[in-house]
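These protein sequences, in sequence, are chains Y and V. When the letters of the first sequence are read in order and numbered with the working numbering, they come out as residues 29 to 877. When the letters of the second sequence are read in order and numbered with the working numbering, they come out as residues 382 to 601. Here a beta-carbon is modelled for each residue, glycine too, at the ideal position from N, C-alpha and C.
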Amino acid sequence: MLSLKGHQLLFVWLLKGATVQARVRWLVALTMVAIGVMLAVAIHTVNHSALASFGQALDTVNGQASAQLVAPLGDMDDSQIDVWDSRRAGLGIRTISPVLVVRTDRLTVLGLDFFKAAFVSAALMPSAADGATDLFNAKALFLSAAALNALNVRVGDSIVLQHGTKSVALVVAGEVPGAASQVIGVMDIGSAQWAFKRLGVVSRLDLRLEDGQTPQGLRAALQAQSETLQVVATQDRDRRMSLLSRAYRVNLSVLAMVALLTGGFLVSTAVNLSIVRQRAELALLGVLGASEPWLRRFVWAQGGLIGALGGVLGVGMGLLLAAFLMRWFGGDLGGNYFASNQPPMVIDWLAMAVLALAATLMGLGSAWLPLSQINWRQPMAVLRSGQAETRVFTTPTLKWSLMAVSLSLGLLLLPTLDELPWAAYGAIAALLCAGLLAMPWVLAQLWGGLSHTLVHLRVPAVYRLAVWRLAQAPSAATPLITGTVAAFSLTVAMMVMVSSFRTSVSDWLGMVLPADLYTSSQAMADQSGFDAKVQALIASVPQVQSVETSRQRSLRLAYDRPEVMLVAKPLNLQDPMQSVALVGLPKLPPEEGQSRLVVFGSEAMADVYGWRAGQEASLPLTAQGEQRVWVGGLFRDYGRQHGTVVMSTPDYERLTGDRSRSSVSVWLAKGADPAQVMAQIQTRVQAQMPELAHLKWISASDIRQLSLQIFDRSFAMTYALEAAALFVALFSVAAGVTGQLILRRREFGVLAHLGMSEPDRWRLVSLEVGLLLVVAVVWATFLGVLMSQILIHKVNPESFHWTMNTHFAAGQWALISALLLLIGVQTARWAARQGLDPRRLAESLRADW
Amino acid sequence: MVVLSLLSVGHAYLPGEWLFQGLNFELVQGEHVAIQGASGCGKSTLLNIMAGLEVPACGEVCWSGQPTSAWSAERRRSCRQSEMGFVFQAFHLLPHLSALQNVMVPCLLGGQSGQACAFAARSLLCDLGLQKRLDAKPASLSGGEQQRVALARALVHHPKVVFADEPTGNLDTTTAAKTLALLIDLCSSRQTSLVVVTHSDDAARSMGRTVRLTPEGLVC
Chain Y
29 MLSLKGHQLL
39 FVWLLKGATV
49 QARVRWLVAL
59 TMVAIGVMLA
69 VAIHTVNHSA
79 LASFGQALDT
89 VNGQASAQLV
99 APLGDMDDSQ
109 IDVWDSRRAG
119 LGIRTISPVL
129 VVRTDRLTVL
139 GLDFFKAAFV
149 SAALMPSAAD
159 GATDLFNAKA
169 LFLSAAALNA
179 LNVRVGDSIV
189 LQHGTKSVAL
199 VVAGEVPGAA
209 SQVIGVMDIG
219 SAQWAFKRLG
229 VVSRLDLRLE
239 DGQTPQGLRA
249 ALQAQSETLQ
259 VVATQDRDRR
269 MSLLSRAYRV
279 NLSVLAMVAL
289 LTGGFLVSTA
299 VNLSIVRQRA
309 ELALLGVLGA
319 SEPWLRRFVW
329 AQGGLIGALG
339 GVLGVGMGLL
349 LAAFLMRWFG
359 GDLGGNYFAS
369 NQPPMVIDWL
379 AMAVLALAAT
389 LMGLGSAWLP
399 LSQINWRQPM
409 AVLRSGQAET
419 RVFTTPTLKW
429 SLMAVSLSLG
439 LLLLPTLDEL
449 PWAAYGAIAA
459 LLCAGLLAMP
469 WVLAQLWGGL
479 SHTLVHLRVP
489 AVYRLAVWRL
499 AQAPSAATPL
509 ITGTVAAFSL
519 TVAMMVMVSS
529 FRTSVSDWLG
539 MVLPADLYTS
549 SQAMADQSGF
559 DAKVQALIAS
569 VPQVQSVETS
579 RQRSLRLAYD
589 RPEVMLVAKP
599 LNLQDPMQSV
609 ALVGLPKLPP
619 EEGQSRLVVF
629 GSEAMADVYG
639 WRAGQEASLP
649 LTAQGEQRVW
659 VGGLFRDYGR
669 QHGTVVMSTP
679 DYERLTGDRS
689 RSSVSVWLAK
699 GADPAQVMAQ
709 IQTRVQAQMP
719 ELAHLKWISA
729 SDIRQLSLQI
739 FDRSFAMTYA
749 LEAAALFVAL
759 FSVAAGVTGQ
769 LILRRREFGV
779 LAHLGMSEPD
789 RWRLVSLEVG
799 LLLVVAVVWA
809 TFLGVLMSQI
819 LIHKVNPESF
829 HWTMNTHFAA
839 GQWALISALL
849 LLIGVQTARW
859 AARQGLDPRR
869 LAESLRADW
Chain V
382 MVVLSLLSVG
392 HAYLPGEWLF
402 QGLNFELVQG
412 EHVAIQGASG
422 CGKSTLLNIM
432 AGLEVPACGE
442 VCWSGQPTSA
452 WSAERRRSCR
462 QSEMGFVFQA
472 FHLLPHLSAL
482 QNVMVPCLLG
492 GQSGQACAFA
502 ARSLLCDLGL
512 QKRLDAKPAS
522 LSGGEQQRVA
532 LARALVHHPK
542 VVFADEPTGN
552 LDTTTAAKTL
562 ALLIDLCSSR
572 QTSLVVVTHS
582 DDAARSMGRT
592 VRLTPEGLVC
């Protein structure tokens, strides 16, 4: 230690002394920063791992071909293989490998032309147990190691897969060594078409390009020829996959940063109190000749040390939490974007470093406030005043607050950046800063006014003293409740947003579920299967009033974006509101244009593809090219964030020739019992169409309940993060009160000598903290409601492409507010009992320090 | 040799409300001076002006013959660190440092090695009879012991002048007399000038010269 230079040695001594002196407060602050970092690290790591695993899975299914040709509606005629084979040379394509993708109930099966696939996507080539002849066996299915494990089968076993309404029996003939970690199966394309009744259909054409040709070059060449098929490169797939869940992931990360930010306020409180205690020491060092930069560095070091240690600890704790979450909940944090498998943990070390650095910077930033309060030019004045409050925040913070409000308003006018609402998040942050900066002014006005009012009233001395103290020392009160205001305002904002969202979803479900019974959408999504026979069978069940069928298909509108959902269903164009949950009035084509094809788009279609009600758009519905359609209106769709298009069944059939249906809605006679009718349908189906026996039927009320359960689950992580932020905020109150009581021991010592009883002293502290928390709750609610409006009207539409109506859950708010006040006041009372025992108060009047 | 001189110095915290003005004063190397005056007359302010901790509203303060009005804050700090020592009524020891470490602080701020600082501080504390209290924290020291540690801190780096503001104000009469005698002895043996602000006539009498601060100036 003695090898350090003199001033370095002193620096270390003082830093050690400051740490030891306020070790509990430092430890609490450090823990709170660590909790904030931990949450951010855990969420990022789980999302990152899930995304990496998802990406790997996608790469495996795609066989890592350098490019693919896909049709907007997914499937294409296998005559396209010969067409494209003949165009190969002119387009710079070396080999074309057709692929049929079949999604079954247990795994995805890829039908391959093994002769072609060996050159284009070698990783998907199987290894047959009994030699090459098995490759082309009509029942031969080759499974990856992960699939063998997941399905608990071995080579040679029989396996039954369900595809739509069909059951297909196959034999596991070997493995797919190149796709060991993903749950997939591979079989000969001809066999797959036959087995799954997809004759003449292929899903995509995988391409191996000539040296020198690029996917972009091929795309440009095809666009010049007005080709309807789209070229999809690996990076397009990555972007598409990222877009699927990105808004949700960013939303969670921002929430995690809120917890980190709240931890930052606690560091600020801890450092502030430490510096107030050290103010006289710093002034003494200044008198003895320590330079101002040296003293500033000492203060910065305290904040930076808490931040850095909290950051490092938080990264470690976060990785442990991520491992725990992934072990028990898989890679999905509630957004339902990732399958609930257990992806291997992938650590993003750059992000870890950034988060640890953010914590350090936050710690350094927390030293700014106390530094600004020290008058370095007059150390003797500071030395005489000791720890007493010498400066009160006045107009500068109000000026900065107004500037932050202006910044917030300015940011609200900005559009999204890379399709994410960064400006809106910035506006929320600026609004929060504005609210916090205005607090000293608000408190000064409030307590000043109250103290004048009390002059004319007869109130107990404790009340008068509490208000006098608050009026005289607003800058001591501000750091005490800053963290609480920040955390509670964000909690209110999220609470209002989630309650508005939930109410809107509930109302929406009422509108989109007009029938009484539905087939489970999970079982039939994007698959055809119901024919007229099935409809007739269901309609013949007693108490079934009517049956309506619809067709749902994925429709790819852009090569690098997630597919939109195309829904063909019976539409009442005379009164479209009965068929779709329109936002605003329908805008049908004028009289002379009634022959136009009318469709309805979800709000995402307007945001992502620029659709406007009452205007024309185009859809790639036919092999010949784009079809002009009239957008009759926009509707809310909380079920699909990437876009939905609804058109009438006759129009769909006319354009595509597809007469199949993928879901059934059933209306019951008045007074019928849905459970009883459901049982009757299942019995009849079992008897007459056993292949449909596996279909799940569900009542509208069950769908509604299930949907709201899924909704609540998807916000569980949000609630957990908000609770963490509030927990941290309450700790900041506890740490702040404890710290201030130590500073105020002499004041309480004098009051004790003047005759104030012990319970009255506790009451005084509780009253001060209670009054501050009431103001914190009211102010935070005001800020929170404003922020919720940004979330509802900017962040949500820009992230998820849906709007909602504001709903304030007053009961929930009252409960959380009451809990916060109760716990806060009890904490203060506890701190008062600890810090104000009579022996210490007597000592405080004798001691100089 | 004159170490410190004040030329027509005046000071006011509010415009027109002079604490004192037209003040002239010289402090010779090794001289001991007591400053007395009524409460609130500006004794402590005068001490701060002498030490360069405050800038007078008018007049000039010269340190070793050099005018200081044009000095930068850094130059003042550097001069204060190397050529001045301070003793306060409330001792102002750093609470989490030991007695030895407290005394080492001025040397450490001067950039000396830890070993050299420890040697100088230890020998001075032993001279003051605190050899058994080197590792004690201020809270465990008596008032007299704390002030002896403060004296050691003021002198450990061999300053030209020690400024003491009511150095015995917090001590009983006997301890106060002993502490002041120690301070005077130490300063005398090191040829260090001493300026003491005090209300005590006994303390003032033990100094070489006593001046009384009035609004019109210093009266001998």
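So the candidates are the options; which of them puts its Cα closest to the Cα of residue i?
i, options, result
"residue 406(Y)", "449(Y), 313(Y) and 455(Y)", "313(Y)"
"residue 326(Y)", "357(Y), 396(Y), 728(Y) and 410(Y)", "396(Y)"
"residue 139(Y)", "717(Y), 784(Y), 234(Y) and 220(Y)", "220(Y)"
"residue 703(Y)", "572(Y), 654(Y) and 446(Y)", "572(Y)"
"residue 639(Y)", "609(Y), 669(Y), 618(Y) and 673(Y)", "673(Y)"
"residue 489(V)", "78(Y), 104(Y) and 35(Y)", "35(Y)"
"residue 763(Y)", "55(Y), 48(Y) and 43(Y)", "55(Y)"
"residue 387(V)", "493(V), 591(V), 495(V) and 437(V)", "437(V)"
"residue 332(Y)", "390(Y), 782(Y), 460(Y) and 832(Y)", "390(Y)"
"residue 384(Y)", "285(Y), 278(Y) and 462(Y)", "285(Y)"
"residue 382(Y)", "65(Y), 578(Y) and 224(Y)", "65(Y)"
"residue 429(V)", "445(Y), 408(Y), 296(Y) and 663(Y)", "408(Y)"
"residue 434(Y)", "658(Y), 462(Y) and 410(Y)", "462(Y)"
"residue 518(V)", "498(V), 500(V), 474(V) and 462(V)", "474(V)"
"residue 320(Y)", "512(V), 544(V), 457(V) and 514(V)", "457(V)"
Is the beta carbon of residue j closer than 8 Å to that of residue i?
i, j, result
"residue 168(Y)", "residue 211(Y)", "no"
"residue 677(Y)", "residue 101(Y)", "no"
"residue 519(Y)", "residue 754(Y)", "yes"
"residue 542(V)", "residue 573(V)", "yes"
"residue 61(Y)", "residue 387(Y)", "yes"
"residue 53(Y)", "residue 767(Y)", "yes"
"residue 170(Y)", "residue 150(Y)", "no"
"residue 459(Y)", "residue 792(Y)", "no"
"residue 127(Y)", "residue 226(Y)", "no"
"residue 610(Y)", "residue 626(Y)", "no"
"residue 468(Y)", "residue 444(Y)", "no"
"residue 172(Y)", "residue 148(Y)", "no"
Once the 5 residues before and after residue i are set aside, which same chain residues still bring their CB inside 7 Å of it?
i, result
"residue 293(Y)", "510, 511, 514 and 760"
"residue 423(Y)", "Confidence is the limiting factor: at residue 423(Y) the pLDDT is only 46, short of 50, which leaves the residue's position unreliable and the question unanswerable from this model."
"residue 46(Y)", "302, 306 and 330"
"residue 322(Y)", "35"
Using a Cβ-Cβ cut-off of 8 Å (strictly less than) and excluding sequence neighbours within five positions of residue i, which residues of its own chain qualify?
i, result
"residue 397(V)", "none"
"residue 440(Y)", "451, 452, 455, 818 and 822"
Spatial neighbours of residue i within its chain, please: C-beta separation below 6 Å, excluding the five flanking residues on both sides.
i, result
"residue 341(Y)", "62"
"residue 394(V)", "none"
"residue 531(Y)", "835"
"residue 528(V)", "472 and 560"
"residue 243(Y)", "95, 259 and 261"
If we count Cβ pairs, one from each stretch, closer than 8 Å, do we get three or more for the segment 59 to 74 of chain Y versus the segment 372 to 380 of chain Y? The segment 59 to 74 of chain Y vs the segment 372 to 380 of chain Y: in contact.
Take every Cβ of the segment 395 to 415 of chain V, pair it with every Cβ of the segment 587 to 600 of chain V, and state whether three or more of those distances are shorter than 8 Å. Short answer: they touch.
Whether or not the segment 692 to 700 of chain Y and the segment 530 to 548 of chain Y are in contact is what I'm after, with contact meaning three or more pairs of Cβ atoms, one per stretch, closer than 8 Å; do they touch? Under the three-pair Cβ rule at 8 Å, the segment 530 to 548 of chain Y counts as touching the segment 692 to 700 of chain Y.
If you measure beta-carbon to beta-carbon, which residues of the segment 394 to 423 of chain V are closer than 7 Å to chain Y? Under the 7 Å Cβ criterion, the segment 394 to 423 of chain V contributes no residue.
With three or more C-beta pairs closer than 8 Å as the rule, is the segment 637 to 648 of chain Y touching the segment 577 to 589 of chain Y? They touch, by the three-pair rule.
Residues of the segment 40 to 51 of chain Y in Cβ contact with chain V at a cutoff of 7 Å, in chain order, please. Within the segment 40 to 51 of chain Y, contact with chain V at the beta-carbon level (separation under 7 Å) is assigned to 41, 45, 48 and 49.
Touching by the beta-carbon criterion (3+ pairs, under 8 Å), the segment 118 to 137 of chain Y and the segment 246 to 262 of chain Y: Counting Cβ pairs under 8 Å, three or more are found: they touch.
What are the residues in the segment 314 to 332 of chain Y lying within 7 Å of chain V by C-beta distance? Going along the segment 314 to 332 of chain Y in chain order, one finds 315, 316, 317, 318 and 319 with a Cβ nearer than 7 Å to chain V.
Could you run through the segment 450 to 463 of chain V and flag, in chain order, every residue whose CB is less than 9 Å away from some CB of chain Y? Against chain Y - using a Cβ distance shorter than 9 Å - the residues of the segment 450 to 463 of chain V are 454, 455, 458, 459, 460, 461, 462 and 463.
Against chain Y, which members of the segment 482 to 502 of chain V pass a CB distance test of less than 9 Å? The residues in question are 482, 485, 486, 487, 488, 489, 490, 491, 492, 493, 494, 495, 496, 497, 498 and 499.
Taking 8 Å as the threshold, find out whether the segment 472 to 481 of chain Y comes into contact with the segment 732 to 742 of chain Y through three or more Cβ pairs. Judged by Cβ distances under 8 Å, the segment 472 to 481 of chain Y makes no contact with the segment 732 to 742 of chain Y, as fewer than three pairs qualify.
When the Cβ atoms of the segment 412 to 426 of chain V are set against those of the segment 581 to 589 of chain V, are three or more pairs found closer than 8 Å? Contact holds: three or more Cβ-Cβ distances are below 8 Å.
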